[in-house]
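Take a look at the structure below.
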Amino acid sequence: MKLKQLESYLQEVNKFDQPKIEFEQYPTTPHLASRVIYTAESQYNDIEGKLVADLGCGCGMLTFAVGFDIDEDAIKISQENLENMELTERSDIVMANLSEKIKVSKKVPNPKDCQINSSLINRSRKKFDTVVMNPPFGTKPGNKGIDMVFLETGIELSKGAVYSFHKSSTRNYISKCAEKWNYSFEVIAQLKVP
1 MKLKQLESYL QEVNKFDQPK IEFEQYPTTP HLASRVIYTA ESQYNDIEGK LVADLGCGCG
61 MLTFAVGFDI DEDAIKISQE NLENMELTER SDIVMANLSE KIKVSKKVPN PKDCQINSSL
121 INRSRKKFDT VVMNPPFGTK PGNKGIDMVF LETGIELSKG AVYSFHKSST RNYISKCAEK
181 WNYSFEVIAQ LKVP
């Protein structure tokens, strides 16, 4: 599919009526999503015929195979989008709190919830060819470091590439973490988020 076609196709995706600030729900624009997906496929062959996970899928702008999100309302919008685009046969949406990993080490009041999420992540470890995500950036109170939790989870789930949006101010830190985790790190695009 050509880039313009992909962007036009993604214009049809329903957006949040009332984004939840606590989840940092800022929808990925069709312009940004199309460029990431197009680049991942045209330059790296990481989309077509691959099992792809979208972490923090929100309304489903980047979801091609399996989307994960914590918010029930976001999941409903994402499922509506999959139905409208006739992608329900090829896609699934999973409700999961990917940030629970950060709380496990802090002895959360209900560790059973963490075990469910840890179990889900363990069962899904290295099952996906590609992971795409526009994670929360950790700019809201209580969310500090959440972008890195998402990135680490993406690395755990992917046996191939991870495509992730991050603030350019965190680039050096991400590079150091990737090195520490023994993963390569490459900036493939610098895009302005509206």
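So that you can map any letter, position 149 of the sequence shown is 149 in full-length UniProt numbering, and since no number is skipped, the others follow by simple counting. Beta carbons: idealized from backbone N, C-alpha and C, even for Gly. The structure displayed is predicted, hence computed values, not measured ones.
Residue i: first and last residue of the uninterrupted beta strand (DSSP E) it sits in
{"i": "Met133", "result": "Phe128 to Met133"}
{"i": "residue 207", "result": "What the structure shows of the chain is the stretch from 1 to 194, and residue 207 is not part of that stretch, so it cannot be assessed."}
Bridge partner(s) assigned by DSSP for residue i
{"i": "Phe185", "result": "Phe185 pairs with nothing; no bridge assigned."}
{"i": "Met95", "result": "Asp69"}
{"i": "Ala178", "result": "DSSP output for Ala178 lists no bridge partner at all."}
{"i": "Leu161", "result": "A small fix is needed here, since residue 161 is Ala in this sequence, not Leu. DSSP, once it has assigned bridges, lists Thr130 as partnering Ala161."}
C-beta contact flag for residue i and residue j at 7 Å
{"i": "Leu69", "j": "Cys59", "result": "Looking at the sequence shown, residue 69 is not Leu but Asp. Not a contact, by the Cβ cut-off of 7 Å."}
{"i": "Phe137", "j": "Ser158", "result": "no"}
{"i": "Gly154", "j": "Val131", "result": "yes"}
{"i": "Ile77", "j": "Asn14", "result": "yes"}
{"i": "Ser175", "j": "Phe165", "result": "no"}
{"i": "Ser34", "j": "Leu10", "result": "yes"}
{"i": "Ala65", "j": "Leu87", "result": "no"}
{"i": "Tyr38", "j": "Leu6", "result": "yes"}
Identity of the residue in the options nearest residue i by Cα
{"i": "Thr170", "options": "Ile47, Ala161, Thr139 and Trp181", "result": "Thr139"}
{"i": "Tyr183", "options": "Leu151, Lys192 and Asn84", "result": "Leu151"}
{"i": "Asp147", "options": "Glu186, Glu24, Lys20 and Lys2", "result": "Glu24"}
{"i": "Phe16", "options": "Glu156, Glu186 and Gln79", "result": "Gln79"}
{"i": "Val162", "options": "Asn45, Met1, Met85 and Glu72", "result": "Asn45"}
{"i": "Leu191", "options": "Glu41, Gln18, Lys4 and Val36", "result": "Val36"}
{"i": "Gly142", "options": "Ala74, Ala65 and Ile21", "result": "Ile21"}
{"i": "Gln18", "options": "Gln5, Lys50, Val52 and Glu72", "result": "Glu72"}
{"i": "Ala96", "options": "Ala74, Leu87 and Gly160", "result": "Ala74"}
{"i": "Gly67", "options": "Lys2, Leu98, Ser42 and Gly160", "result": "Leu98"}
{"i": "Pro30", "options": "Gly49, Ser42 and Ser8", "result": "Ser8"}
{"i": "Gly49", "options": "Tyr26, Leu32, Lys4 and Arg90", "result": "Arg90"}
{"i": "Ser168", "options": "Gln43, Ile188 and Lys126", "result": "Ile188"}
{"i": "Lys42", "options": "Leu3, Glu156 and Leu32", "result": "The displayed chain sequence assigns Ser, not Lys, to residue 42. It is Leu3."}
Range of the contiguous alpha helix (DSSP H) that encloses residue i
{"i": "Ser34", "result": "Pro30 to Ser42"}
{"i": "Val149", "result": "Ile146 to Leu157"}
{"i": "Leu6", "result": "Leu3 to Leu10"}
Distance between beta carbons of residue j and residue i, contact taken as under 8 Å
{"i": "Met85", "j": "Glu12", "result": "7 Å"}
{"i": "Ile47", "j": "Ala40", "result": "5 Å"}
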